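A quick write-up on the structure given underneath.
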Amino acid sequence: MRAIEMLAESAYSGREQTLVKHYILREYVVRMAFKVASFCDTITYVDGFSGPWNVVSEDFSDSSFAIALNELRKAREVYRAKNRTVKLRGFFVEKNRAAYKKLKAFAETVTDAEVVTKPGTFESSIPEVVEFVKQGGTKNFTFIFIDPTGWSGFAMETIKPLLELDRVELLINFMTSHIRRFAESAHKETMESFERMFGSADFRQRIQGLRFEEKETP
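Structure below.
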């Protein structure tokens, strides 16, 4: 926790929620990379909602895509010292034009990894993501990070092709407070948005009658 406190005193002042998200991403990605780099020649990282949003560093070092690349580099350097070559690849998607412009500018500065950027929604980019992943070869491992601002944009049926890829791990990070509040809403559009996210309407039976705090328990 001391690491979080130190970071909060610097670039993350006033952005505690982002701090926690990035701390989790750092811990998760680096451990995954060290493990899979021992048997995979290529690691492909996909960020479906890349941003950047509210970054304060000029080099975007406090953005999720930069953090992920830096953690992957750490694993690559360790294995390089062991005479093992690991190739890094990234596919970054962003629909906001202003944010995408910054994302593209960042990608153009990356010279030690294969990086592709895509303007548009994550769901509409799924076919291109699948093709990019397959181009990684037979010894490729893919990590997909889905971090939306709400609970839409990653319908389970739409992202299904990603889950069917070989050697893939997918992490979805989203706030649960609004979901717990509106999951039992009778509003038609809200109901349909949850059904798209979960892939069915069965989730309503599981949460019916539960207290507010119980809805967050797996």
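Taking this note's numbering, the leading residue of the sequence shown gets 479, the next gets one more, and so forth.
Glycine residues also receive a C-beta, built at the ideal position from the N, C-alpha and C atoms.
Because the structure is a prediction, the values reported are computed rather than measured.
| said: Could you check whether GLY568 and GLU591 sit closer than 8 Å to each other, using their CB atoms as the reference points? | reply: Position 113 of the sequence shown holds residue 591. Position 90 of the sequence shown holds residue 568. Looking at the sequence itself, residue 591 is Ala, so the reference to Glu does not match. In contact: ALA591 and GLY568 (Cβ atoms closer than 8 Å).
| task | Measure from the alpha carbon of LYS612 to the alpha carbon of each residue in ASP537, ALA511, LEU641 and ASN561, then state which is nearest. | result | Translated into positions along the sequence shown, residue 612 becomes position 134. Checked all of ASP537, ALA511, LEU641 and ASN561; the closest Cα to LYS612 is LEU641.
| query | Is the CB-CB distance between PRO530 and PHE538 below 8 Å? | reply | The residue given as residue 530 occupies position 52 in the sequence shown. The residue given as residue 538 occupies position 60 in the sequence shown. Inclusion of PRO530 and PHE538 in the CB contact set at 8 Å is warranted, their separation being smaller than that value.
| said: Just to confirm the assignment, what range does the alpha helix (DSSP H) spanning LEU643 have? | reply: On the sequence shown, residue 643 is found 165 positions in, with the first residue counted as 1. Where LEU643 is concerned, there is no enclosing alpha helix (DSSP H), given that its DSSP letter is neither H nor E.
| query | Alpha carbon to alpha carbon, what distance is there between ARG562 and PHE570? | reply | The count along the sequence shown starts at 1 and reaches residue 570 at position 92. The count along the sequence shown starts at 1 and reaches residue 562 at position 84. Cα-Cα distance, rounded: 26 Å.
| By DSSP, does THR496 sit in helix, in strand, or in coil? | Within the sequence shown, numbered from 1, the residue matching residue 496 stands at position 18. Three-state result, THR496: helix.
| task | Identify every residue that forms a DSSP beta bridge with ILE650. | result | Sequence index remark: in the sequence shown, residue 650 carries index 172 (1-based). Answer is ILE624.
| In terms of residues, what are the limits of the beta strand (DSSP E) holding PRO530? | Within the sequence shown, numbered from 1, the residue matching residue 530 stands at position 52. Element bounds for PRO530: n/a, residue is neither H nor E.
| In chain order, what residues of the same chain lie with their CB nearer than 7 Å to the CB of ASP644, ignoring the 5 residues before and after it? | Locating residue 644 in the sequence shown gives position 166, where the first residue counts as 1. Closer than 7 Å at Cβ, skipping near neighbours: no residue.
| Applying the criterion that 16 or more other CB atoms from any shown protein chain within 10 Å of the CB defines a buried residue, is SER602 buried or exposed? | Here residue 602 corresponds to residue number 124 of the sequence shown, with the count starting at 1. SER602 comes out exposed.
| request: With a threshold of 16 other CB atoms inside 10 Å of the CB of THR522, please say whether the residue is buried or exposed. | output: Reading the sequence shown from its first residue, position 44 is the one you call residue 522. Looking at its Cβ environment, which holds 16 or more other Cβ atoms inside 10 Å, THR522 is buried.
| Around the Cβ of LYS638, are there at least 16 other Cβ atoms within 10 angstroms (buried) or fewer (exposed)? | As a position in the sequence shown, residue 638 is number 160, starting the count at 1. Around the Cβ of LYS638, a 10 Å sphere holds fewer than 16 other Cβ atoms; the residue is exposed.
| With distances taken from CA atoms, which of LYS596, THR587, TYR557 and ALA576 is nearest ASP519? | Here residue 519 is taken as the residue at index 41 of the sequence shown, counted from 1. Answer by Cα proximity: TYR557.
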